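Structure record follows, encoded as structure tokens.
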Amino acid sequence: MTTENDRQEMLIVTGMSGAGRSTVANALEDLGWYVVDNLPPQMLRPLAELVGRAGTSLPKIASVVDIRGRDFFTDFQEILHSLRKTSQVRVIFLEARDDVLVRRFESVRRPHPLQGDGTILDGIAAERVKLSAVRESCDLVIDTSDLNIHQLATSISDRFAAEDAAGVHVTLMSFGFKYGLPTDVDMVADVRFLPNPFWVPELRSHNGQDAEVRDFVLAQTGAREFIAHYAAALEPVLAGYQRENKRHATIAVGCTGGKHRSVAMAAEIAALVKDFPGVAVSVKNRDLGRE
Numbered sequence: 104m105t106t107e108n109d110r111q112e113m114l115i116v117t118g119m120s121g122a123g124r125s126t127v128a129n130a131l132e133d134l135g136w137y138v139v140d141n142l143p144p145q146m147l148r149p150l151a152e153l154v155g156r157a158g159t160s161l162p163k164i165a166s167v168v169d170i171r172g173r174d175f176f177t178d179f180q181e182i183l184h185s186l187r188k189t190s191q192v193r194v195i196f197l198e199a200r201d202d203v204l205v206r207r208f209e210s211v212r213r214p215h216p217l218q219g220d221g222t223i224l225d226g227i228a229a230e231r232v233k234l235s236a237v238r239e240s241c242d243l244v245i246d247t248s249d250l251n252i253h254q255l256a257t258s259i260s261d262r263f264a265a266e267d268a269a270g271v272h273v274t275l276m277s278f279g280f281k282y283g284l285p286t287d288v289d290m291v292a293d294v295r296f297l298p299n300p301f302w303v304p305e306l307r308s309h310n311g312q313d314a315e316v317r318d319f320v321l322a323q324t325g326a327r328e329f330i331a332h333y334a335a336a337l338e339p340v341l342a343g344y345q346r347e348n349k350r351h352a353t354i355a356v357g358c359t360g361g362k363h364r365s366v367a368m369a370a371e372i373a374a375l376v377k378d379f380p381g382v383a384v385s386v387k388n389r390d391l392g393r394e
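Heads up: the sequence shown at position 64 corresponds to 167 in our numbering, and the numbers run straight through without jumps.
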């Protein structure tokens with residue numbers, strides 16, 4: 104009888120054209136994954152069978168699938184359901200804002216695969232429609248809008264290198280609401296209920312990584328209670344993620360500018376979450392230094 108732990112692991116990397124699939128493929132190869140790029144969609148099942156016969160000699164394989172395999176997206180749900188019966192299959196979807204995708208295509212002077220006689224934006228819009236069902240079925244969404252290729256590669260390395268030691272990798276992300284909500288997160292906490300150090304002249308130029316700001320934030324009424332209760336609420340959620348084989352979770356903590364309160368609070372929550380069984384934690388400060 105095949106158990107969950109005996110199953111071979113397969114990763115499908117897909118998403119918007121120009122969002123960084125090649126960078127992710129290279130990063131996975133560096134981590135020891137066997138990567139197949141632009142595999143014809145009908146070959147996904149035979150590939151999974153080959154991986155199963157290879158046993159421990161080929162434990163982890165990634166297949167990069169894009170809009171060029173157009174029939175794939177029509178039958179994606181059926182193919183994914185079939186693969187998950189015999190393999191541990193996860194889907195990563197790479198996302199980016201329209202303006203960023205346009206800039207990337209213009210920089211390499213290549214047309215979008217679906218633009219035809221229209222514009223790059225026309226192609227992007229058509230691709231979003233075709234990929235909408237795929238995005239809903241994915242296990243992990245990564246927004247690469249604000250990442251260069253080196254930052255994206257590092258992000259993949261941080262997420263997947265930690266998997267050997269953890270059931271779920273949690274990213275605590277601080278951010279500023281004035282710069283917009285992050286698009287690739289699972290949960291959002293709002294810490295704007297705390298007084299803003301920005302209005303304290305001697306703290307304004309500092310940030311939540313500095314002891315002066317951290318001590319100020321944690322001394323406010325409700326701060327430590329929020330941290331303790333929020334972390335306690337996350338523990339059963341993250342345990343459930345592990346049971347459901349959800350290997351990544353991103354928890355965003357927001358304040359007004361992403362400089363003071365959210366930075367300090369995200370670090371404190373991370374310090375508690377890292378002690379949960381089977382959990383690895385990293386902290387990302389999205390908007391720190393942006394002002």
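Note that the Cβ used here is the ideal one computed from N, Cα and C, for glycine as well.
Note that the structure is a prediction, hence the values are computed from the model and not measured.
So what's residue i in DSSP terms, helix, strand or just coil?
i: Leu375; result: helix
i: His347; result: First, the residue type needs correcting, since residue 347 is Glu and not His in the sequence shown. Here Glu347 sits in coil by DSSP.
i: Pro339; result: helix
i: Val382; result: strand
i: Ile354; result: strand
i: Asp327; result: Looking at the sequence shown, residue 327 is not Asp but Arg. The answer is helix: DSSP assigns Arg327 an H, G or I state.
i: Leu114; result: strand
i: Asn388; result: strand
i: Arg393; result: coil
How would you call residue i, buried or exposed, if buried means at least 16 neighbouring beta carbons within 10 angstroms?
i: Val232; result: exposed
i: His332; result: exposed
i: Arg389; result: buried
i: Thr324; result: exposed
i: His253; result: exposed
i: Val211; result: exposed
i: Gly392; result: exposed
What whole-angstrom Cβ distance do residue i and residue j have, given they're in contact under 8 Å?
i: Ala352; j: Asp313; result: Their Cβ separation, rounded to whole angstroms, is 28 Å, which puts Ala352 and Asp313 out of contact at 8 Å.
i: Ser260; j: Ala373; result: So it is not a contact: roughly 19 Å between Cβ atoms.
i: Val291; j: Ile195; result: The pair is not a contact, with the Cβ atoms about 21 Å apart (cut-off 8 Å).
i: Leu204; j: Met119; result: 6 Å
i: Pro285; j: Ala367; result: Wrong, their Cβ atoms sit about 18 Å apart, outside the cutoff.
Can you give the Cα-Cα distance for residue i and residue j, rounded to whole angstroms?
i: Glu239; j: Arg364; result: 32 Å
i: Glu315; j: Phe278; result: 20 Å
i: Val139; j: Val303; result: 54 Å
i: Gln191; j: Leu234; result: 22 Å
i: Glu181; j: Leu243; result: 19 Å
**Prompt:** Any contact of the stretch 219-235 with the stretch 266-286, i.e. 3+ C-beta pairs under 8 Å?
**Reply:** Not touching, per the Cβ criterion.
**Prompt:** Does the stretch 361-381 come close enough to the stretch 317-334 to have 3 or more Cβ pairs within less than 8 Å?
**Reply:** yes
**Asked** Should the stretch 293-302 be called in touch with the stretch 335-345, which here means at least 3 C-beta pairs below 8 Å?
**Response** no
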